[in-house]
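Worksheet: one structure, shown below.
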Amino acid sequence: MQKHIIPIRIYYEDTDAGGVVYHANYLKFAERGRTEFLRATGFENRKLSEDEGIIFVVRHIDIHYLKPAFLDDSLIMVSTIKEIKNSSFIMNQRVYRPKKNAEHSKNHASKAQDEDIESMEHLCDMHVVLVCVDAKKLTPVRLPEDVKTAFAAYTEEEKK
Numbered sequence: 001m002q003k004h005i006i007p008i009r010i011y012y013e014d015t016d017a018g019g020v021v022y023h024a025n026y027l028k029f030a031e032r033g034r035t036e037f038l039r040a041t042g043f044e045n046r047k048l049s050e051d052e053g054i055i056f057v058v059r060h061i062d063i064h065y066l067k068p069a070f071l072d073d074s075l076i077m078v079s080t081i082k083e084i085k086n087s088s089f090i091m092n093q094r095v096y097r098p099k100k101n102a103e104h105s106k107n108h109a110s111k112a113q114d115e116d117i118e119s120m121e122h123l124c125d126m127h128v129v130l131v132c133v134d135a136k137k138l139t140p141v142r143l144p145e146d147v148k149t150a151f152a153a154y155t156e157e158e159k160k
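Counting along the sequence shown from 1, when you hit position 107 you're at 107 in my numbering, and nothing is skipped either side.
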């Protein structure tokens, strides 16, 4: 299974008065992760809307904040697909930070490997349900087969 990874740098605008990342900003980070995930699989939101007449809308998000992130942190967002259904899919999106003094902390985001991720601090876990809808009627429609096929490489394997 592939994992889609993007870097996230924490700027002053992302934090509260105490220098801690404001909780709602994780939603923005997740949106960026989903958009870049879509690009990595060969699709773009605007083209899907214009050419296929579909858009993806968030139906539900569960967020678990495990540890805080701070001003100037360099993080990564890891996105995978948990499940693909007829007109919806479920994504897992996780935010990680290298541990202090970790050797891979420099430029870790662009080169993160599975073993690197395992050694990082897990900061946030998001479980996101997205629905494929008609771009004009906003009613659920089937996921296009080429989208399902592209997403399959990122689908987590069932743990037995």
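Beta carbons: idealized from backbone N, C-alpha and C, even for Gly.
Exclusion of the five residues before and after R97 leaves A69, D73, L75, M120, E121, L123 as the residues of its chain whose Cβ lies within less than 7 Å of its Cβ. Taking the Cβ atoms as the reference, D134 lies roughly 6 Å from G53, within the contact range of under 8 Å. Beta-bridge partners assigned by DSSP to E121: R97. Approximately 6 Å separates the beta-carbon atoms of S87 and V131; this is inside 8 Å, confirming the contact.
For R59, the enclosing beta strand (DSSP E) begins and ends at 54 to 65.
Bounds of the alpha helix (DSSP H) holding V147 are 145 to 152.
In the DSSP assignment, R39 falls within the unbroken alpha helix (DSSP H) covering 25 to 40. Apart from the 5 residues on each side of it in sequence, F37 sits with its Cβ closer than 7 Å to the Cβ of H4, S79 in its chain, given in chain order. Spatial neighbours of I6 in its own chain (CB-CB distance under 6 Å, excluding positions within 5 residues in sequence) are listed in chain order as G33, E36, M77.
V57 counts as exposed, since fewer than 16 other beta carbons sit within 10 angstroms of its beta carbon. Between Y26 and M126, the C-beta gap is smaller than 8 Å, which places the two residues in contact. Residue environment: Q2 is assigned as exposed (fewer than 16 neighbouring CB atoms within 10 Å of its CB, all protein chains considered). Around F151, the same chain offers T41, I81, I84, F89 as residues with beta carbons nearer than 7 Å, after the five sequence neighbours per side are excluded.
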